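Residue numbers (our numbering), protein chains in the order written: chain A, 1 to 397; chain B, 1 to 397.
2 protein chains.
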Amino acid sequence: MKPVHPTPITWHFAERAAHMQSSFIREILKITQRPEIISFAGGLPSSDTFPVAEMKAAFDKVLTDSGKVALQYGPTDGFPPLRAWIADSLSTAGCTIAPEQVLMTSGSQQALDLIGKVLIDEGSRVLVETPSYLGALQAFSVYRPVFASVATDEHGLVPASIEPVIDGARMLYALPNFQNPTGRSLSVERRAELVDTCARHNLPLIEDDPYGALSYKGEPFPKMLNMNPGGVIYMGSFSKVLTPGIRLGYVVAPLPLLRRLELAKQAADLHTAQLTQMAVHEVIKDGFLERHIPTIRTLYANQCQAMLDAMAQCFPAGVSWTRPEGGMFIWVTLPPHIDAMQLLDQAIAARVAFVPGAPFYANQPATNTLRLSFVTVSPARIREGIAILGKLIAALV
Amino acid sequence: MKPVHPTPITWHFAERAAHMQSSFIREILKITQRPEIISFAGGLPSSDTFPVAEMKAAFDKVLTDSGKVALQYGPTDGFPPLRAWIADSLSTAGCTIAPEQVLMTSGSQQALDLIGKVLIDEGSRVLVETPSYLGALQAFSVYRPVFASVATDEHGLVPASIEPVIDGARMLYALPNFQNPTGRSLSVERRAELVDTCARHNLPLIEDDPYGALSYKGEPFPKMLNMNPGGVIYMGSFSKVLTPGIRLGYVVAPLPLLRRLELAKQAADLHTAQLTQMAVHEVIKDGFLERHIPTIRTLYANQCQAMLDAMAQCFPAGVSWTRPEGGMFIWVTLPPHIDAMQLLDQAIAARVAFVPGAPFYANQPATNTLRLSFVTVSPARIREGIAILGKLIAALV
Chain A
1 MKPVHPTPIT
11 WHFAERAAHM
21 QSSFIREILK
31 ITQRPEIISF
41 AGGLPSSDTF
51 PVAEMKAAFD
61 KVLTDSGKVA
71 LQYGPTDGFP
81 PLRAWIADSL
91 STAGCTIAPE
101 QVLMTSGSQQ
111 ALDLIGKVLI
121 DEGSRVLVET
131 PSYLGALQAF
141 SVYRPVFASV
151 ATDEHGLVPA
161 SIEPVIDGAR
171 MLYALPNFQN
181 PTGRSLSVER
191 RAELVDTCAR
201 HNLPLIEDDP
211 YGALSYKGEP
221 FPKMLNMNPG
231 GVIYMGSFSK
241 VLTPGIRLGY
251 VVAPLPLLRR
261 LELAKQAADL
271 HTAQLTQMAV
281 HEVIKDGFLE
291 RHIPTIRTLY
301 ANQCQAMLDA
311 MAQCFPAGVS
321 WTRPEGGMFI
331 WVTLPPHIDA
341 MQLLDQAIAA
351 RVAFVPGAPF
361 YANQPATNTL
371 RLSFVTVSPA
381 RIREGIAILG
391 KLIAALV
Chain B
1 MKPVHPTPIT
11 WHFAERAAHM
21 QSSFIREILK
31 ITQRPEIISF
41 AGGLPSSDTF
51 PVAEMKAAFD
61 KVLTDSGKVA
71 LQYGPTDGFP
81 PLRAWIADSL
91 STAGCTIAPE
101 QVLMTSGSQQ
111 ALDLIGKVLI
121 DEGSRVLVET
131 PSYLGALQAF
141 SVYRPVFASV
151 ATDEHGLVPA
161 SIEPVIDGAR
171 MLYALPNFQN
181 PTGRSLSVER
191 RAELVDTCAR
201 HNLPLIEDDP
211 YGALSYKGEP
221 FPKMLNMNPG
231 GVIYMGSFSK
241 VLTPGIRLGY
251 VVAPLPLLRR
261 LELAKQAADL
271 HTAQLTQMAV
281 HEVIKDGFLE
291 RHIPTIRTLY
301 ANQCQAMLDA
311 MAQCFPAGVS
321 WTRPEGGMFI
331 WVTLPPHIDA
341 MQLLDQAIAA
351 RVAFVPGAPF
361 YANQPATNTL
371 RLSFVTVSPA
381 RIREGIAILG
391 KLIAALV
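What follows is the structure, given as C-alpha cells:
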C-alpha cells in the first residue's frame, strides 16, 4: 500500500513539551561508554554487584510456581507481600508503616513523576537543595514549577534557609543520604529540625533515599519518614542494592496522598510488572539483602578511598571536594574561574570523563563544580584517570 | 524514635489531581473476582493463553547469557533488536518503518500518558470515538483536554463527522480494530478517508492497536500507519498476544514527535526493563507469535460464538449487540429506559457481572449500554451467565 500523504505533519506540542530537555548525563554517557575512556561520569551501579544467579533462580521459581498469575495484569498498588516487606523494613519501634502506605513504582524515577503530577501546578513553588538530583529536576520540570534553591553546606541542607521561601510552597525535595550529586549527608540534628519546620508550615517533605543502605560504616541514618510519617513522602529503590535494569522502586506516603498517587499511576502505566515484583520478593524475603549489601559497601568504600587518595595526591591547591561516607559520588569544587564544561572537553580528549556540576542546579549554576563516580572503575584506573584530571586542572589554576 | 508531629498534613493537590478518578472497571473487578461470580466484566486476556514455558526459558537464557547487561540501566528508547523486530513487523511493501521510530513503553497505557503529556495543553480539543477506550480517556484527562466525541456506527468511526470539530484540535484518538469497548472495526474504505481527512487538516491520528492480531479469520486489517507514516502515531502491545503482566508496549511515531516522547519517557521512568525486553525478544524472534496467536484466536472465537449464540437464544426483543470478528468484547444496547448500572446491581446479586457502558463515553453517556467480555469464561459458564442476564433484562423490558 502506498502512503497517501507524504507531507509530514507540522507538530503543535504541548507547552510543557517545549521545556523538555534530554538529561545532560545521558548525553555524556553516549560519548563516554567507549572502552578506552576512563569514565567517572556514570551514575550506574557496578554490574559486578548484581546477584545474577539469585535473580535467575527467583524468576525460574516464580514462573514455575505461579506463572499464570505472574504474567497476568496485577493490582496498581503492587504485589501485597512485597509491599508488606517494605513496610516492615521501614517500621521502627516508635513508628509503624502500614503496607497500605506503600505504592510500587517503575523505578523511583516514576515516583518523582507521579509526585510532580499530583502536587505541582504550573507556577507552584518547589524547594530543592543546591545542588539537587538532576532526574528530580527533570521529572518535576514537566509540570512547570518555579524552583526555589535552598542553601546547603557540608552538613547538607540548611533548615533555616527554607523559612523565607516556605509559605505557599508545594513541597520540599531532599536527598538526605549520600546525595546525588554531592555525596553529602544531612546531619541527624538537622533532620529533626527540617521535619519540624516543614510540619509547622504544612509543607510536604520528600525524602528520596536510593543510597541510604550504602553507608560504608554500615550504620544507616535515621529516616525523616519515621520522625513524621504524616508529613514525609519517602522514596526507595531496588536499583542500588539489587539491580537497576528491572525498574523497581516505591513511594511511601500518607494515605490521602497515596490514593492520588495510585490513581495517577493507574493512568500512567496501570501497574508495575507482577513478575518482577514477585521475583524480587522471592530474592529478598529471607534476608538476602543483609548478606548482599555489605559486599556492595565494601567494593564502593574501597574505590571511594582510592579516588580520595588519588585526589589528595594529584589535585592542585585551590580544588576542594567532599569526603562521602557512603553512596556513589564525590563532588569537586574548582577555583571559581575554571569552567567544568570546558575542562570536560579537554578531559574527553585525554580519555577521561566526568559530569559537570551546572545541570544539577535549579537556579544559578556553579560552573566550577563537577561530579565524579568511582563505582564502576577499578582502583588502578581510578588512579590513572585522577592523575590525568589533576594535570589538566593544574594547567588551568 | 517517636514521631515528632502527629498532626497530619493538609494536602494541596495539583488541579489535575482533583480530576483523577479510579477506573470504574478496576473497581468492579474488585467485587467480581470472587469465584462464584460469572464475570463478563474483565478486560484481562485469558491466562490459559500465556506461554509460561517459553517465557521461563527466555528469562533463563537471557540471565544466563547476558545477566549483567539485562540487569543494568538501559537506553530510554529501548532494546535495539526488539525495536528492529517491531519496525520490521510493521513495514509493508510500500512503507518501511525505521527502528528509530519505535519507542518501547511500560505497556501501551504508558504510550497514552506520554502522548497526552507531549500533545495536550489544558483546554486542547481531543477527538475521540463514541464510545472510546476508558484507559485512554483516563490517561488524557490528566492533561485536562476538552474531548469532542465523534460519531460512530456499525462500521466504526464516521470520518465525515470529524470535519466540524477538526480545526484547532490536537489529535484524534482511534482504536480501529475490534475496539474496546464495542468490538467494532473501522472499514477499510473509511481508514483511507480518515487518514486523508486528518492529513489535509494537519491533525495527528493515533491508531491504538492492541487487538489487531486477534482477527478470528486470521486476516488483519491494513494499518493506517502504513497509509501515512508521517501523520499517524501507532500504538502496539504484547499484552494481548503474549502476556500483559510484564507491561510491554510500544509507540511508533514520526521522528520529531518520537524525540519528544522519548524525553517525556526519560523523565517518567528512565526506560522500560531491559530484562523484560530481552526476554520477549528471545521468545518472539524466530516466529513464535505466528504459531501462538492462532491458538488465542481459536479460543476467543469459540467463546465469542458461544456468547453470541446464547444471547440470540436468551436476550429479549429490543436488545441489540455487536458481532465482533476479533478481539475480546461484545457491546450490548438495551432499550433506552433500562439503566445498565441498575441492571448491574441485580446481576451481581444473581452472581453475574459486566461493565456498564457509560464510563466509556467522553460526553453524554448512553446509560442503556454495557460491555461483555467472553475471553476468560468457559462456554458452559457463558451460557449460564447469559441466561441469567437475559431473564433479568426481560423483566425490565
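Cβ atoms here follow ideal geometry from the backbone N, Cα and C, with glycine treated the same way.
Model, not experiment: these values are computed from the prediction.
is_contact[residue i, chain A] using C-beta, thresh 8 Å
| i | result |
| --- | --- |
| W85 (chain B) | no |
| T130 (chain B) | no |
| R26 (chain B) | yes |
| D121 (chain B) | yes |
| V118 (chain B) | yes |
| L157 (chain B) | no |
| T333 (chain B) | no |
Beta-carbon neighbours of residue i, restricted to chain B and to distances below 7 Å
| i | result |
| --- | --- |
| R260 (chain A) | F13, A17 and M20 |
Contact set between residue i and chain A, taken where Cβ atoms lie within less than 8 Å
| i | result |
| --- | --- |
| L270 (chain B) | G107, Q109, G135 and R247 |
| S47 (chain B) | K68, V69, L71 and Q72 |
| Q33 (chain B) | What Q33 (chain B) touches in chain A: nothing, since even the nearest Cβ is about 11 Å away. |
| A264 (chain B) | A17, M20 and V142 |
| S23 (chain B) | Q266 |
Top-ranked residue by Cα proximity to residue i, from the options
| i | options | result |
| --- | --- | --- |
| E325 (chain A) | A:F50, A:L214 and A:V195 | A:L214 |
| I25 (chain A) | A:R191, A:Y143, A:L119 and A:P356 | A:P356 |
| A398 (chain B) | B:G94, B:A111 and B:E282 | The question about residue 398 (chain B) has no answer here: the residues shown for chain B are numbered 1 through 397. |
| Q109 (chain B) | A:G231, A:T76 and A:V252 | A:T76 |
| R297 (chain A) | A:D48, A:V128 and A:E100 | A:D48 |
| T295 (chain A) | A:Q277, A:L242 and A:N368 | A:L242 |
| E477 (chain A) | A:F221, A:D167, A:R170 and A:Q33 | The shown model of chain A, from 1 to 397, leaves out residue 477 (chain A), and the question about it has no answer. |
| P335 (chain B) | B:F329, B:P316, B:P51 and B:Q346 | B:P316 |
| F147 (chain A) | A:Q179, A:G135 and A:E129 | A:E129 |
| S106 (chain A) | A:L275, A:T367, A:L308 and A:Y250 | A:Y250 |
| T7 (chain B) | A:A366, A:N228 and A:F360 | A:N228 |
| V62 (chain A) | A:V252, A:V375, A:M341 and A:L275 | A:L275 |
| S89 (chain A) | A:Q179, A:S187, A:T152 and A:S237 | A:S237 |
| I226 (chain B) | B:G183, B:A136, B:L289 and B:A98 | Checking the sequence, you will find Asn at residue 226 (chain B) rather than Ile. When each option's Cα is compared against that of N226 (chain B), the closest is B:A98. |
| M55 (chain B) | A:D60, A:E54 and A:A53 | A:D60 |
| L175 (chain B) | B:A136, B:R16 and B:R200 | B:A136 |
| A267 (chain A) | A:K117, A:D65 and A:S185 | A:K117 |
| A394 (chain A) | A:L103, A:L372 and A:L343 | A:L343 |
Chain-ordered neighbours of residue i on chain A, where CB pairs are closer than 9 Å
| i | result |
| --- | --- |
| F288 (chain B) | Neighbours of F288 (chain B) on chain A: none; closest Cβ ~15 Å, over 9 Å. |
| Q101 (chain B) | Result: empty, since nearest Cβ-Cβ is about 12 Å, beyond 9 Å. |
| R170 (chain B) | H12 and A14 |
Residue-chain proximity (residue i, chain B), Cβ-Cβ < 8 Å
| i | result |
| --- | --- |
| A139 (chain A) | yes |
| D113 (chain A) | yes |
| S237 (chain A) | no |
| F79 (chain A) | no |
| P220 (chain A) | no |
| M55 (chain A) | yes |
| T96 (chain A) | no |
Contact set between residue i and chain A, taken where Cβ atoms lie within less than 7 Å
| i | result |
| --- | --- |
| P427 (chain B) | Here chain B covers residues 1 to 397 and nothing more, so residue 427 (chain B) does not appear. |
| T243 (chain B) | L71 |
Contact list for residue i against chain B, beta-carbon separation under 9 Å
| i | result |
| --- | --- |
| P359 (chain A) | The premise fails here: P359 (chain A) is roughly 14 Å from chain B at the closest Cβ pair, so nothing lies under 9 Å. |
| L399 (chain A) | Absent from the model: residue 399 (chain A). The displayed extent of chain A is 1 to 397, so no value can be given. |
Cross-chain neighbours of residue i in chain B, by beta carbon under 8 Å
| i | result |
| --- | --- |
| V52 (chain A) | L63, G67, K68 and L71 |
Q. Relative to chain B, which residues along the stretch 180 to 214 of chain A have a C-beta separation below 7 Å, given in chain order?
A. Among the residues of the stretch 180 to 214 of chain A, those with a Cβ less than 7 Å away from any Cβ of chain B are A192, V195, D196, A199, N202 and P204, in the order of the chain.
Q | Short-range partners of chain C found in the stretch 273 to 285 of chain B, where Cβ spacing is below 7 Å | A | As a matter of chain content, chain C is missing from the structure shown, whose protein chains are A and B.
Q) Is there contact here, the stretch 344 to 355 of chain B with the stretch 204 to 217 of chain B, by at least three beta-carbon pairs under 8 Å? A) With the cut-off at 8 Å, the stretch 344 to 355 of chain B and the stretch 204 to 217 of chain B do not touch.
Q.
Using 8 Å as the cut-off, can you tell me whether the stretch 381 to 392 of chain B makes contact with the stretch 301 to 320 of chain B, which would need three or more C-beta pairs spanning the two stretches below that distance?
A. Taking 8 Å as the limit for Cβ pairs, the verdict is that the stretch 301 to 320 of chain B does touch the stretch 381 to 392 of chain B.
Q. Just by C-beta distance, which residues in the stretch 57 to 74 of chain A are closer than 8 Å to chain B?
A. Result list: F59, D60, L63, T64, G67, K68, V69, A70, L71, Q72, Y73 and G74.
Q. Is the stretch 70 to 90 of chain A close to the stretch 27 to 46 of chain A, with three or more CB pairs under 8 Å?
A. Short answer: they don't touch.
Q: Could you tell me whether the stretch 196 to 205 of chain B touches the stretch 159 to 171 of chain B, where touching means 3 or more Cβ pairs closer than 8 Å?
A: Verdict: yes, contact present.
Q: May I ask you to verify whether the stretch 167 to 179 of chain A touches the stretch 124 to 139 of chain A, counting CB pairs closer than 8 Å and requiring at least 3?
A: Contact between the stretch 167 to 179 of chain A and the stretch 124 to 139 of chain A is present, because at least three Cβ pairs lie under 8 Å.
(Q) Check whether the stretch 11 to 28 of chain A and the stretch 248 to 261 of chain B touch, using three or more Cβ-Cβ pairs below 8 Å as the test. (A) With a cut-off of 8 Å on Cβ pairs, the stretch 11 to 28 of chain A is in contact with the stretch 248 to 261 of chain B, counting three or more such pairs.
Q: State whether the stretch 76 to 94 of chain B contacts the stretch 277 to 292 of chain B, with contact taken as three or more CB pairs (one from each stretch) at a distance under 8 Å.
A: The way I'd put it, the stretch 76 to 94 of chain B does touch the stretch 277 to 292 of chain B; three or more beta-carbon pairs between them come closer than 8 Å.
Q) Taking one C-beta from the stretch 339 to 348 of chain A and one from the stretch 17 to 24 of chain A each time, how about it: are there three or more such pairs within less than 8 Å? A) Too few Cβ pairs lie closer than 8 Å, so no.
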